[in-house]
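So the structure is just underneath, and the comments pick up after that.
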Amino acid sequence: PLRGTAVTEVGTRFPDMSEPYKKDWIKKGQAIASDHDIHVHTGTYASIQGPNLETRAEYGYIRTIGADVIGMSTIPEVLAARQMDLPCFAISVITDEGFHEELEPVSIEMVIEAANKAEPKMTTIMKELIKVV
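Right, here's the structure in full:
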């Protein structure tokens, strides 16, 4: 979202990304999940441009550089928010587990189905988090 013509009215062209997420919001989100028996993980999210789904080589590369998951969303929104100096909390649904050795074909319909299944849990976390931040 920061490529192309600079829109400096909303913030700096080069936002600091050394700590993009508010740690206390993460802790609150984890506590909310725990209170509602929602299983969550923390990890390193790598972003790709998309819209294609990942190749076996991309999954392998992402693991090699230290990321736990890969996706097309979340990061563009975080970049835009940080450009505007807005505090951030991110939550993502892992819709397909592309373990390098076990990669099987996945369709966008499968991804959407997994996302729809997780939506009520994400909604609970977000609604409760909004109440306390």
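So that you can map any letter, position 66 of the sequence shown is 66 in our numbering, and since no number is skipped, the others follow by simple counting.
From the three backbone atoms N, C-alpha and C, an ideal C-beta is built for every residue, glycine too.
Exercise. Would you give the residue range spanned by the alpha helix (DSSP H) that Gly71 belongs to?
Key: First-last for Gly71: 69-71, but that is the beta strand (DSSP E), not the alpha helix (DSSP H).
Quiz item: Taking the Cβ atom as the reference point for each residue, do Ile130 and Ala33 lie within a distance shorter than 7 Å?
Solution: Inclusion of Ile130 and Ala33 in the CB contact set at 7 Å is not warranted, their separation being larger than that value.
Quiz item: Of the residues Val78, Met84, Gln83, Asp96, which one's Cα is nearest the Cα of Ala90?
Solution: Val78
Practice problem: May I ask which residues mark the beginning and end of the beta strand (DSSP E) holding Tyr59? | Solution: Careful: Tyr59 lies outside any beta strand (DSSP E), inside the alpha helix (DSSP H) at 56-64.
Practice problem: Can you grab the Cα-Cα spacing for the pair Ile62 / Gly71, in whole Å? | Solution: 10 Å
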